[in-house]
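As structure tokens, the structure follows; a few thoughts come after it.
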Amino acid sequence: MQLEPIINARFKKFRDSYDLQKVQDGVAFEKFVNHTILTAHQPDAFSADTELLDSVCVGGEWDMGIDGMAVKLNGLLIKSIEEANDIIQKFKRANLEFIFIQSKYKHTFDSGEFNKFISGVRDFLSDQHLLPMNDQVKEMLAIKDYLLNDIVDTGGKIMWDKNPSVRLYFVAMGKWKSQNTHLLGLAEHAKNDINRLNIYDSAEVHFIDSEALKNICDSNERSFTETILTDGVLPLTEVQGVENSCLALCYAGEFVKLLTTEDGVIRKSLFEDNVRDFQGENQVNTEIENTILKDPSKFILLNNGITIVCDKFIQNNRKLTIEDPQIVNGCQTSHVIFYAHKKGIDISRVPINIKIIATTDYEISNQIVRGNNKQNIVLEEAFETTKQFHKDLEQFFNAVSGDNDKIYYERRSKQYSNTNIKQTQKINMRILLQSFIGMFLNKPETAHRHESVLLREFENDVFQEKQSKSPYYVAALAFYRLEKLYRDGKISKEVYAFRAQLLMLFRQIIAGDCPSINFEKGIDEHCDVLLKVLNNEKSTGERFEQAIDFFEGCKQKWVKELKKSPFSMKDVADFTTLLLTEARKEFGKQTSNLVEDEKFVYTGVVLSLLTDKWGKQFGFIKRQPANIFFHSNSNRYLKFDDLKGKSVTYRIETNPKDQRLFAVDVKTVE
Numbered sequence: 291m292q293l294e295p296i297i298n299a300r301f302k303k304f305r306d307s308y309d310l311q312k313v314q315d316g317v318a319f320e321k322f323v324n325h326t327i328l329t330a331h332q333p334d335a336f337s338a339d340t341e342l343l344d345s346v347c348v349g350g351e352w353d354m355g356i357d358g359m360a361v362k363l364n365g366l367l368i369k370s371i372e373e374a375n376d377i378i379q380k381f382k383r384a385n386l387e388f389i390f391i392q393s394k395y396k397h398t399f400d401s402g403e404f405n406k407f408i409s410g411v412r413d414f415l416s417d418q419h420l421l422p423m424n425d426q427v428k429e430m431l432a433i434k435d436y437l438l439n440d441i442v443d444t445g446g447k448i449m450w451d452k453n454p455s456v457r458l459y460f461v462a463m464g465k466w467k468s469q470n471t472h473l474l475g476l477a478e479h480a481k482n483d484i485n486r487l488n489i490y491d492s493a494e495v496h497f498i499d500s501e502a503l504k505n506i507c508d509s510n511e512r513s514f515t516e517t518i519l520t521d522g523v524l525p526l527t528e529v530q531g532v533e534n535s536c537l538a539l540c541y542a543g544e545f546v547k548l549l550t551t552e553d554g555v556i557r558k559s560l561f562e563d564n565v566r567d568f569q570g571e572n573q574v575n576t577e578i579e580n581t582i583l584k585d586p587s588k589f590i591l592l593n594n595g596i597t598i599v600c601d602k603f604i605q606n607n608r609k610l611t612i613e614d615p616q617i618v619n620g621c622q623t624s625h626v627i628f629y630a631h632k633k634g635i636d637i638s639r640v641p642i643n644i645k646i647i648a649t650t651d652y653e654i655s656n657q658i659v660r661g662n663n664k665q666n667i668v669l670e671e672a673f674e675t676t677k678q679f680h681k682d683l684e685q686f687f688n689a690v691s692g693d694n695d696k697i698y699y700e701r702r703s704k705q706y707s708n709t710n711i712k713q714t715q716k717i718n719m720r721i722l723l724q725s726f727i728g729m730f731l732n733k734p735e736t737a738h739r740h741e742s743v744l745l746r747e748f749e750n751d752v753f754q755e756k757q758s759k760s761p762y763y764v765a766a767l768a769f770y771r772l773e774k775l776y777r778d779g780k781i782s783k784e785v786y787a788f789r790a791q792l793l794m795l796f797r798q799i800i801a802g803d804c805p806s807i808n809f810e811k812g813i814d815e816h817c818d819v820l821l822k823v824l825n826n827e828k829s830t831g832e833r834f835e836q837a838i839d840f841f842e843g844c845k846q847k848w849v850k851e852l853k854k855s856p857f858s859m860k861d862v863a864d865f866t867t868l869l870l871t872e873a874r875k876e877f878g879k880q881t882s883n884l885v886e887d888e889k890f891v892y893t894g895v896v897l898s899l900l901t902d903k904w905g906k907q908f909g910f911i912k913r914q915p916a917n918i919f920f921h922s923n924s925n926r927y928l929k930f931d932d933l934k935g936k937s938v939t940y941r942i943e944t945n946p947k948d949q950r951l952f953a954v955d956v957k958t959v960e
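No gaps in the numbering here: position 228 of the sequence shown is 518 in my numbering, and each next residue is one more.
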């Protein structure tokens, strides 16, 4: 089928990026559409999770007439109950949406195919299921049932913002005709049937043609322009690196045009550079909405307003045209305005002040992001990849990665989006962190957790300034090799689910016990042994095959000899212990002759200062999982005055009496 030229170019780029050239056109097109539509809901979803695309593409035998299916919890696309739990534990609230997609690699919007699609959606959303389902649909159904029923039955406390919503997309590459009353009538019947289930807050049906799909692609790539009507514009002072800047006054009724996509979804790509997503109906956001409802004229006095960084803006009398905008501050305000508009609240007389800055300089953009969010309560992990360690790591990847299979550390979202670099070559912080923890810290049972959880639990073990960069690169390269084996069909989906365990076994089989991650000489030698294998694709495949065979043997022992459940292996530390114990017996313990002759220096912040009964000073430094003690007796030259809240470096020693850790050589960071 001949696609519209712009869609065809993007489809080809997608196939190249995900190595789908050998996949049938119709199947590849389904993946492309699913990727495009769901990226509009969460811009970094597929760069942050390599398995997610396979998870949401449910088309095939027994697919219930559905090609794409996603569960969206608090703005995040999830693929497992474990991920749902991490999000709920973090936010203690739930905003749930179910998304269904049917895409046709042809021009016509067929009513028979649409009927089949909505029948499948109805069956999935109901309590009773009459249609046959494939395994991927069943996995999504298990998540749905858990969130709507099981977690409540087990005493889980969730603060629901509202009942779950439902969104259906029916996609064909012809031109949609709004006068197609038959399809519109079927859509209304479907919406009414879903509403009658009394479980879901709302249902929306969207018919997507080639023009609408192109617009979604544009929005995802942030290459869109919007014009809003202002009530006044004040130019700001000149700044080097900033093309232009101004302060604009407009009303929320105009501003909401910038926030809304053609299918009525909030334009999530606007907030990619924002340090935190919408926090839901918390106290602050409830107060913002109350101001809109009760005293809209005071909104501009009580709200800090919006900050937008864009490539360019043009003022023409009262009209302001903004090209490729990013909202770097005002995410909460923007969402409250959007949802107030969706509820039918009159926002036409709600005044807003908007600061607009035109610059293409990333460092200036980053300064603006940090400057506009210092006053807010923001999770520190939001700024993790802005630290110098990650900048150095990005350069390290570029320097040591081979030309044939070059991989890139994409520390910033969509950093390489306008290049010819394939998606499979990009390693972001989440993938790197999970692979590193599984492979080098021997914690594969934890490695699948959300990156915010991992950064907190392994705060003192990962991304430390004095650590070697080699193990991070090796973990990324090993992941890249393993994922390619999976994409090529050489590893089953069931085995690939244990990739963190396989990465650990791969390292253990080749190089033996891992030296301390903080012992640079030892860990570099350990990595050199691994790189000799990883730099040869054939040898890598043979060693991963060996790791898989060994894993299967341990799995049999776990189930048959130890009488353990096969469903409790992935997330259980005892299974990790079994893997390591058996691997040491089979392959030996050590390949390095180096010993750890260096003490690692840690960095932390002094939390408190106290005085003991003998008048000696002591204190505690922030550390996970427990803060660490330091005393003036072990730090005789340390000046304790005004030390609270300051960053310090320290080494760790162990008290021989009670084996407790304490800090020595504490020094303030200049």
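Built from N, CA and C at the ideal position, the CB exists for glycine as well.
The structure displayed is predicted, hence computed values, not measured ones.
Can you tell me which of Leu899, Ile596, Thr649 and Ser455 puts its alpha carbon nearest to the alpha carbon of isoleucine 642?
Taking the sequence shown and counting its residues from 1, one reaches residue 642 at position 352. Closest by alpha carbon: Ile596.
Tell me the DSSP secondary structure of aspartate 955 in three-state form.
Within the sequence shown, numbered from 1, the residue matching residue 955 stands at position 665. Strand at aspartate 955.
My assumption, with CB atoms under 8 Å, is that lysine 369 sits in contact with histidine 331. Please give the rounded CB distance.
Indexing the sequence shown from 1 puts residue 369 at position 79. Indexing the sequence shown from 1 puts residue 331 at position 41. Their Cβ separation, rounded to whole angstroms, is 14 Å, which puts lysine 369 and histidine 331 out of contact at 8 Å.
Can the beta-carbon of serine 760 be found closer than 8 Å to that of cysteine 844?
Working through the sequence shown from its first residue, we reach residue 760 at position 470. Working through the sequence shown from its first residue, we reach residue 844 at position 554. No, these two residues do not count as a Cβ contact at 8 Å.
Hey, out of Asn453, Asp803, Leu386 and Val348, whose CA is closest to leucine 366's CA?
Sequence index remark: in the sequence shown, residue 366 carries index 76 (1-based). Nearest of Asn453, Asp803, Leu386 and Val348 to leucine 366, Cα basis: Leu386.
For glutamate 528, tell me which candidate among Pro422, Thr649, Ile604 and Leu610 has the shortest Cα-Cα distance.
Taking the first residue of the sequence shown as 1, we reach residue 528 at position 238. Glutamate 528 has its Cα closest to that of Thr649, out of Pro422, Thr649, Ile604 and Leu610.
So, for glutamate 294: in the same chain, excluding its five sequence neighbours on each side, which residues have a beta-carbon less than 6 Å away from its beta-carbon?
Counted from its first residue, the sequence shown places residue 294 at position 4. Counting only Cβ-Cβ distances below 6 Å, and skipping sequence neighbours, we find Ser500.
In angstroms, rounded to a whole number, what distance separates the CA positions of phenylalanine 628 and glutamate 562?
By one-based count along the sequence shown, residue 628 stands at place 338. By one-based count along the sequence shown, residue 562 stands at place 272. Looking at the two C-alpha atoms, the distance is approximately 17 Å.
Whole angstroms is fine: what's the gap from asparagine 945's alpha carbon to leucine 951's?
Numbered from its first residue, the sequence shown carries residue 945 at position 655. Numbered from its first residue, the sequence shown carries residue 951 at position 661. Cα to Cα, asparagine 945 sits roughly 6 Å from leucine 951.
Would you say leucine 548 and isoleucine 518 are within 8 Å of each other, going by their C-beta atoms?
The sequence position of residue 548 within the sequence shown is 258, counting from 1. The sequence position of residue 518 within the sequence shown is 228, counting from 1. Yes. Within cutoff.
Please say whether leucine 421 and glycine 410 have beta carbons closer to each other than 8 Å?
The count along the sequence shown starts at 1 and reaches residue 410 at position 120. The count along the sequence shown starts at 1 and reaches residue 421 at position 131. Yes, they are a contact pair.
Would you say the beta carbon of arginine 412 is closer than 7 Å to some non-hydrogen atom of the ligand NAD?
Inclusion of the ligand NAD in the displayed structure is not the case, the ligand content being empty and no account of it being possible.
What separation, rounded to the nearest whole angstrom, lies between the Cα atoms of glutamate 888 and phenylalanine 679?
As a working mapping, residue 888 is identified with position 598 in the sequence shown. As a working mapping, residue 679 is identified with position 389 in the sequence shown. Reliability fails at glutamate 888, whose pLDDT of 44 lies under 50, so the model's placement of it is uncertain and the value that follows must be treated cautiously. Going by the C-alpha atoms only, they are around 20 Å apart.
Sorted by chain position, which residues of the same chain lie with C-beta nearer than 8 Å to threonine 871's C-beta, five sequence neighbours on each side aside?
As a working mapping, residue 871 is identified with position 581 in the sequence shown. Counting only Cβ-Cβ distances below 8 Å, and skipping sequence neighbours, we find nothing.
Contact defined as beta carbons within less than 8 Å: I believe cysteine 540 pairs with isoleucine 646. What is the distance between those atoms, to the nearest angstrom?
Stepping through the sequence shown from its first residue, residue 540 is reached at position 250. Stepping through the sequence shown from its first residue, residue 646 is reached at position 356. Going by Cβ atoms, the distance from cysteine 540 to isoleucine 646 rounds to 11 Å, so no, they are not a contact pair.
Taking the Cβ atom as the reference point for each residue, do arginine 557 and serine 509 lie within a distance shorter than 8 Å?
The count along the sequence shown starts at 1 and reaches residue 557 at position 267. The count along the sequence shown starts at 1 and reaches residue 509 at position 219. Annotated as proximal: arginine 557 and serine 509, with beta-carbon spacing under 8 Å.
Do glutamate 552 and asparagine 505 have their C-beta atoms within less than 8 Å of each other?
As a position in the sequence shown, residue 552 is number 262, starting the count at 1. As a position in the sequence shown, residue 505 is number 215, starting the count at 1. The Cβ-Cβ distance between glutamate 552 and asparagine 505 falls below 8 Å.
How big is the Cα-Cα spacing for cysteine 621 and glutamine 836?
For this step, residue 621 is matched to residue 331 along the sequence shown. For this step, residue 836 is matched to residue 546 along the sequence shown. The alpha-carbon of cysteine 621 is positioned some 49 Å away from that of glutamine 836.
What is the DSSP secondary structure of valine 313, reduced to helix, strand or coil?
By one-based count along the sequence shown, residue 313 stands at place 23. DSSP places valine 313 in coil when its eight states are reduced to three.
Using the C-alpha atoms, what's the distance from isoleucine 391 back to asparagine 375?
Position 85 of the sequence shown holds residue 375. Position 101 of the sequence shown holds residue 391. Computed Cα separation, rounded: 25 Å.
So who's on the other strand from leucine 367, going by DSSP bridges?
Here residue 367 refers to the residue found at position 77 when the sequence shown is read from its first residue. According to DSSP, leucine 367 bridges with Lys362.
On the DSSP bridge list, what partners appear for proline 644?
Counted from its first residue, the sequence shown places residue 644 at position 354. One point to set straight first is that residue 644 is isoleucine, not proline, in the sequence displayed. Isoleucine 644 is bridged to Ala538 and Ile596.
Taking DSSP as the reference, what is the three-state secondary structure of asparagine 488?
Position 198 of the sequence shown, counted from the first residue, corresponds to residue 488. It is coil, neither helix nor strand.
Taking glutamine 798 as the reference, which of Phe686, Lys677 and Ala765 has the closest Cα?
As a position in the sequence shown, residue 798 is number 508, starting the count at 1. Closest by alpha carbon: Ala765.
Tell me, which residues are paired with glutamate 700 by DSSP?
Within the sequence shown, residue 700 is the residue found at index 410, counting from 1. For glutamate 700, DSSP records a beta bridge to Asn718.
Where lysine 303 and phenylalanine 809 are concerned, what is the direct C-alpha to C-alpha distance, given to the nearest angstrom?
Your numbering for residue 303 matches position 13 in the sequence shown. Your numbering for residue 809 matches position 519 in the sequence shown. Distance between the alpha carbons of lysine 303 and phenylalanine 809: 43 Å.
List the DSSP bridge partners of histidine 921.
To locate residue 921, count along the sequence shown from 1; it is residue 631. Answer is Phe908.
What is the DSSP secondary structure of arginine 941, reduced to helix, strand or coil?
In the sequence shown, residue 941 corresponds to position 651, counting from 1. Strand, per DSSP.
Spell out the partners DSSP gives asparagine 804 in its beta bridges.
Reading the sequence shown from its first residue, position 514 is the one you call residue 804. According to the sequence provided, residue 804 is cysteine. The question's asparagine does not apply to it. Paired residues: none, contrary to the question.
Based on Cα-Cα distance, which residue from Asn688, Leu793 and Thr709 lies nearest to histidine 738?
Locating residue 738 in the sequence shown gives position 448, where the first residue counts as 1. Selected option, being the one with the closest Cα: Leu793.
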